[in-house]
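Undergrad: Can you keep this structure in mind? I'll have questions shortly.
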Amino acid sequence: MELLKQTGWLLWKDLLLELRRRESIFAMFFFGTLLLFVFHFAFEIPPDKAAEMAPGLLWLAFLFTGTLGLTQLFQAERENHCLEALLLCPLDRAALFLAKVSFNLLLMLMVELVVFPLFWVLFNLTSWAILPSLILVAFLGTVGFCVLGTLFSAVTLKARARELLLPLILFPLMIPIILATIRGMEILLRTGQFDEAFSWLRLLLGFDVIFLTAGFLIFEWVIEA
Amino acid sequence: MEKTMRKGDRGRRIIGSLALCSILLGLYFGLIAAPPDAYQGEAQRIMYLHIPSILTAYLSFFIVFIGSCLFLWKREKRDDILAYSAAEIGVLFTGLTIIEGSIWGKPTWGVWWTWDARLTLTAILFLIFVGYLMLRSLIEDESRGAVCGAVLGIIGFLDIPLIHMSVYWWRTLHQSPSILRPDKLPWENVHPSMLIALSVNFVAFILFYFYLLSLRFRLGEMREEAKALKLYGGS
Amino acid sequence: MRVVVRNLSKAYGFLWALKKMDLELRPGECVALLGPNGAGKTTLLKLLSALLYPTTGEILIDGQELRQGSSPLRSSIGLLSSNGHLYEGLTLKENLRFFNSLYAKERSPREIEETLGAVGLERWADDYVASLSSGMKCRLAIAKWLLIEPRLLLLDEPYGVLDGSGVDLLEAYLDRLRQSGGIVMMATHHVSRILTICSRALILHRGSLIFDEPRQDPWESFQRTFAEFLPRGEKWNS
Amino acid sequence: MGSWEYVFLAYGIVWFALLLYFFLLKRRVRKVEVELSSLRSSGDYQKNA
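Chains as they are written, first to last, in this note's numbering: chain S, 534 to 758; chain H, 5 to 239; chain E, -14 to 223; chain Y, 2 to 50.
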């Protein structure tokens, strides 16, 4: 229970700082929509193959936007040695991990809230019935991205060339997420039912559970190193 | 420190000589003794290189995982040196595996690179290894670099099965399983001497791998000792 | 609150920051930590507040070993660094509320305003910390520790930024903390000022403890060691 | 190219790279040994005092 209270306060601080500075959220919004347009120009998508290519482009936009958010994640802690201030408190390090994961998750979900309908319109997809399952797949994918992304954002906190190193380490490890979400969405768009996409969904769920627990255990050593 | 140096060296020399003669044996079997494969002809001989090096790459990734776990648990510099040495040699073997794979691909499929499941997996493993070495070199603080490297080693290893599953599902989705499935080892029509060639080469690779690993580990230990001498020598 | 330091040493790569130190801090003591730059003062403070992992040796607080991670011991340890450890983007009140809640000390807004008044910052209560001068940031840090009430307070050169009234405020707080059985350790270069209030002085030289004596009035031994090891420029009665 | 060329190409690259790494490693080990012996023999204990 104590863990949740501390996580709540940390999240309150992060959201307050973000609402005041509005650095990450605007940058991620515009970057997401920009990427979507750029992809649209870059690839001539024939209408019949739209269902096949659309999820891939959408998820590329989310991944790059998410990485943008990740590099800013510990920015507040870097100023004024605030990370030391947090480590001084009798704070459960897992609470800090949980707070940072949920903060980045909130940011990415807000971006997805805007980019998703835009994507829907741009690729003039029609079937509304499968929207809830699409959202479920996108949500699980974003959770997996935020969990591993937060862990490695902390790992590369004090490394040189941090912004280059983070994507280089993160993307190979993200391949299960990338494949699962894109293939899952594509099957949903193409067939409309869940049967085939179910195995991808199980993979996503497994990914999230494994790395959430691994993150919980390992984060403490990373942040204290 | 003197005594262990000599014992370690003698042990390593034995492994070295064993590795050397098994390599020669492997070359003999692989290139001369084994008959050409019914479908691929001579090109199939590259398989005697390809399979052992893939397994050695996975073995070195497993050693990085073990070294990383031990280091995070007991924080002994020795385990970190083991993990780093295994990663460095792992990169070498994984890179070679990719080169062999594409060379083997040319005569059998007529193209240098196909998104065949096994080649893709080796490429991903290579990227993770490169990420590990980049991370270690870009973090100045020694102890922090070791901890962060260990975390990447553990998370990377935990991710391998998930990557396996997703890549294989992704492959079966696209490429209908052809008769010549490179993922499945052609065991049925294998000639006994082919089997011998494969196993001898496998032993040769493993021995040579452990020889290189112990040598690199020795180098790491000596560097650590030199650092300690500069440091403790002063107090 | 008793702090026992046994065989403590810390090395950064090739350099010894702290060499084999043995130390004991008893309740009610105000320890002055003196020494030239790079003598290991900050390293010792960070080790005592478990921000750094000792290379060898251990630190026992009330018999329990101080280890990194979220040990409950941390709620009784405070580190006051003159301008750090505050969120620039938050206002003064939010900073205090945030840190108090992390220390599991629910403070009502009235208490927070009172403490801000005590340190003379009530007028800037709702401004951002970024707009404060470093002296005012140090006062806010004092307000933070006033509310959290640590048993062991470590200070890293607070005199540098504080003005006259700030110093009196700080020294009054340190006296109150000592009376209630807490321990104070301050690393500083303002030797004369700390000598007036400290009950014991330590001198660090290149990571090793070369002087550790309780205060007496005619303190020849201190003057001798101090003059011998510290650079000329550092007049001890400045 | 006949399939034999590919075989030799593959074997050549692999064993060349492995032996190259082996010699580089040997050189690195020798370099550190020299440094270690100089450190140990000269025993420059004063440097850090």
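Just so it is clear, CB atoms sit at the ideal spot from N, CA and C, and this is done for glycine as well.
1. Compute the Euclidean distance between the alpha carbons of R95 of chain E and Y113 of chain E, then round it to the nearest angstrom.
2. At what residue ranges does the stretch 173 to 223 of chain E contain a whole run of the alpha helix (DSSP H), taking only runs of 4 or more?
3. Can you name the residues of chain H whose CB is closer than 8 Å to the CB of G589 of chain S?
4. Applying the 10 Å Cβ sphere with the 16-neighbour rule, what's the burial state of Y72 of chain E?
5. Compute the Euclidean distance between the alpha carbons of G674 of chain S and I708 of chain S, then round it to the nearest angstrom.
6. Would you mind telling me which residues of chain H sit closer than 8 Å to R693 of chain S, beta carbon to beta carbon, in chain order?
7. Under a Cβ-count criterion, where at least 16 other Cβ atoms within 10 Å of its own Cβ denotes burial, should E205 of chain E be classed as buried or exposed?
8. Find out if the Cβ-Cβ distance for the pair E14 of chain E, R185 of chain E is shorter than 7 Å.
9. Would you call L29 of chain E buried or exposed, if buried means 16 or more other Cβ atoms sit within 10 Å of its Cβ?
10. Taking Cβ positions only, does R553 of chain S come closer than 7 Å to chain E?
11. Between the beta-carbon of A2 of chain E and the beta-carbon of G25 of chain E, is there less than 7 Å?
12. May I ask you to report which of helix, strand or coil DSSP gives I183 of chain H?
13. So, helix, strand or coil for L87 of chain E, using DSSP?
14. Got a sec, what are the start and stop residues for the alpha helix (DSSP H) K4 of chain E sits in?
15. By the 10 Å Cβ neighbour count, where 16 or more other Cβ atoms means buried, how is D153 of chain E classified, buried or exposed?
16. Verify the CB distance criterion: does G20 of chain E have a CB-CB separation below 7 Å to chain S?
17. Count the other CB atoms, across all protein chains shown, that sit within 10 Å of the CB of D84 of chain H; report buried if there are 16 or more and exposed otherwise.
18. Is there a Cβ of chain S sitting closer than 7 Å to that of D163 of chain H, yes or no?
19. Going along the stretch 128 to 141 of chain H in order, which residues come within less than 7 Å of chain S, judged by CB to CB distance?
20. Show which residues of chain S have a CB atom less than 8 Å away from the CB atom of H70 of chain E.
21. Let me know if Y213 of chain H comes out buried or exposed under the rule of 16 or more other beta-carbons within 10 Å of its beta-carbon.
22. Pull up the distance between the alpha-carbon of Y12 of chain Y and that of A127 of chain H, whole angstroms please.
23. Check whether chain E comes within 7 Å of E753 of chain S, counting only Cβ atoms and requiring the distance to be less than that.
24. Give the list of continuous alpha helix (DSSP H) stretches no shorter than 4 residues that lie fully inside the stretch 77 to 128 of chain E.
25. Assign E43 of chain E to one of two classes, buried (16 or more other C-beta atoms within 10 Å of its C-beta) or exposed (fewer than that).
26. Taking all protein chains shown into account, do 16 or more other C-beta atoms lie within 10 angstroms of the C-beta of V115 of chain H, making it buried, or fewer, making it exposed?
27. Does chain S have any CB closer than 7 Å to the CB of F211 of chain E?
28. Are there 16 or more other CB atoms within 10 angstroms of the CB of K90 of chain E, so buried, or fewer, so exposed?
29. Entirely within the stretch 80 to 148 of chain H and at least 4 residues each: give me those alpha helix (DSSP H) ranges in chain order.
30. For C622 of chain S, which of helix, strand or coil comes out of DSSP?
31. Does Q48 of chain H come out as helix, strand or coil in the three-state DSSP assignment?
32. Can you name the residues that DSSP bridges to V(-11) of chain E?
33. Say whether chain E places a C-beta atom closer than 7 Å to the C-beta of E645 of chain S.
34. Judging by CA-CA distance, which residue of S:F678, S:L603 and S:F576 is the nearest neighbour of L590 of chain S?
35. R136 of chain E to G166 of chain E, Cα distance in whole Å?
36. With contact counted as at least three CB pairs below 8 Å, one residue from each stretch, are the stretch 597 to 605 of chain S and the stretch 691 to 706 of chain S in contact?
TA: Looking at the atomic coordinates:
1. 19 Å
2. Runs found: 176 to 182 and 205 to 214.
3. By Cβ distance, chain H contributes nothing, its closest Cβ being about 12 Å from G589 of chain S, past 8 Å.
4. The residue is buried, with at least 16 neighbouring Cβ atoms inside 10 Å.
5. For G674 of chain S and I708 of chain S, the distance between alpha carbons rounds to 11 Å.
6. L142, I143 and E144
7. That one is exposed.
8. A contact, by the Cβ cut-off of 7 Å.
9. buried
10. yes
11. Cβ atoms of A2 of chain E and G25 of chain E: closer than 7 Å.
12. Caution applies to I183 of chain H, whose pLDDT of 39 falls short of 50 and renders its modelled position unreliable; the value that the coordinates give is listed next. Looking at I183 of chain H - three-state DSSP - the assignment turns out to be coil, as it is neither helix nor strand.
13. helix
14. Not the alpha helix (DSSP H): K4 of chain E falls in the beta strand (DSSP E), residues L0 to L10.
15. exposed
16. no
17. buried
18. Any Cβ of chain S closer than 7 Å to the Cβ of D163 of chain H would place that residue at the interface, and such an atom is present.
19. I128, L131, I132, G135, M138 and L139
20. N613, H614, C615, E617, A618 and L621
21. buried
22. 20 Å
23. yes
24. 77 to 87 and 94 to 103
25. So E43 of chain E counts as exposed.
26. exposed
27. Cβ-Cβ to chain S under 7 Å: no for F211 of chain E.
28. exposed
29. 81 to 113 and 121 to 142
30. coil
31. helix
32. E:E9 and E:L45
33. no
34. S:F576
35. 8 Å
36. yes
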